[in-house]
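K.L.:
After the structure tokens below, expect a handful of questions from me.
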Amino acid sequence: MTDDLPEIIENEWYIVRYSGETPEIAYNSAIYQLTRAQDGPRICLTDAHVALLKNAAVERFLEIIVRDLQHANSTKSIYRGICRSIINYQRFCTFCSRQDLEVSRVRRRAADAFLRFLEQEMQQLQAVGRPTIINCTYAELQSFAGELGVELNDRHTVLAELCPAAPFS
Numbered sequence: 005m006t007d008d009l010p011e012i013i014e015n016e017w018y019i020v021r022y023s024g025e026t027p028e029i030a031y032n033s034a035i036y037q038l039t040r041a042q043d044g045p046r047i048c049l050t051d052a053h054v055a056l057l058k059n060a061a062v063e064r065f066l067e068i069i070v071r072d073l074q075h076a077n078s079t080k081s082i083y084r085g086i087c088r089s090i091i092n093y094q095r096f097c098t099f100c101s102r103q104d105l106e107v108s109r110v111r112r113r114a115a116d117a118f119l120r121f122l123e124q125e126m127q128q129l130q131a132v133g134r135p136t137i138i139n140c141t142y143a144e145l146q147s148f149a150g151e152l153g154v155e156l157n158d159r160h161t162v163l164a165e166l167c168p169a170a171p172f173s
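Position 91 (the sequence shown) corresponds to 95 in the numbering used here; numbering is contiguous.
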């Protein structure tokens, strides 16, 4: 069993890291599978093993949060819109609170992606004149900006008129 341990941990890491839309569930499932499941190895995880799995969940959260803040993805089937980024960021913060993890690195990356998204959106709205792809209300956009530590300025107020009155979701 101990010879297989690195491979067992790596397999669970992979499942958590590439878990789709629910990294927190994948993380908890991995912990259960490794430590308590009747058909699992029932091992005692080291702090390093747990940290590895937590990091996999954090990386997956970062990926799905930023994915929906990239204009390049807006025409792809993986794109869910800024509303989904907001939901995923809130789920990420809840996960970090429960696991006693720091949110600052992901917050910074999400804030950068959010600002780039807004700039690209405003440029494209002016250049092309198409409807906005923002799928949340301006109040939700402002709230998300606050959670990310981003201050919307006067340039962004044009979005208040373009954002939907109610979210699409």
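Think of the CB as a built atom: it goes at the ideal place given N, C-alpha and C, for glycine as much as any other residue.
Keep in mind the model is a prediction, meaning the values are calculated, not measured.
#1: Inspect the beta-carbon positions of I90 and F148 and report whether they are closer than 7 Å.
#2: So what's G24 in DSSP terms, helix, strand or just coil?
#3: Between V54, D158, P10, which has its C-alpha nearest L105's C-alpha?
#4: So for N15, helix, strand or coil by DSSP?
#5: To the nearest angstrom, how far is the alpha carbon of H75 from that of F121?
#6: Determine the extent of the alpha helix (DSSP H) in which H53 is found, giving its start and end residues.
#7: Would you decide whether P135 is buried or exposed? Buried here means 16 or more other CB atoms lie within 10 Å of its CB.
#8: Taking the CB atoms as reference points, tell me whether E16 and A34 lie closer together than 7 Å.
#9: How is the alpha helix (DSSP H) around Y93 delimited, first residue to last?
#10: Which two residues bound the contiguous alpha helix (DSSP H) that contains Q146?
#11: What is the residue span of the alpha helix (DSSP H) that L129 lies within?
#12: Which of the three DSSP states, helix, strand or coil, is assigned to N32?
P.N.:
In this structure, then:
#1: Taking 7 Å as the Cβ cut-off, I90 and F148 qualify as a contacting pair.
#2: Of the three classes helix, strand and coil, the one that applies to G24 here is coil, per DSSP.
#3: V54
#4: Three-state result, N15: helix.
#5: 6 Å
#6: 51-71
#7: exposed
#8: yes
#9: Element bounds for Y93: 86-103.
#10: Its alpha helix (DSSP H) spans residues 142-152.
#11: 108-132
#12: helix
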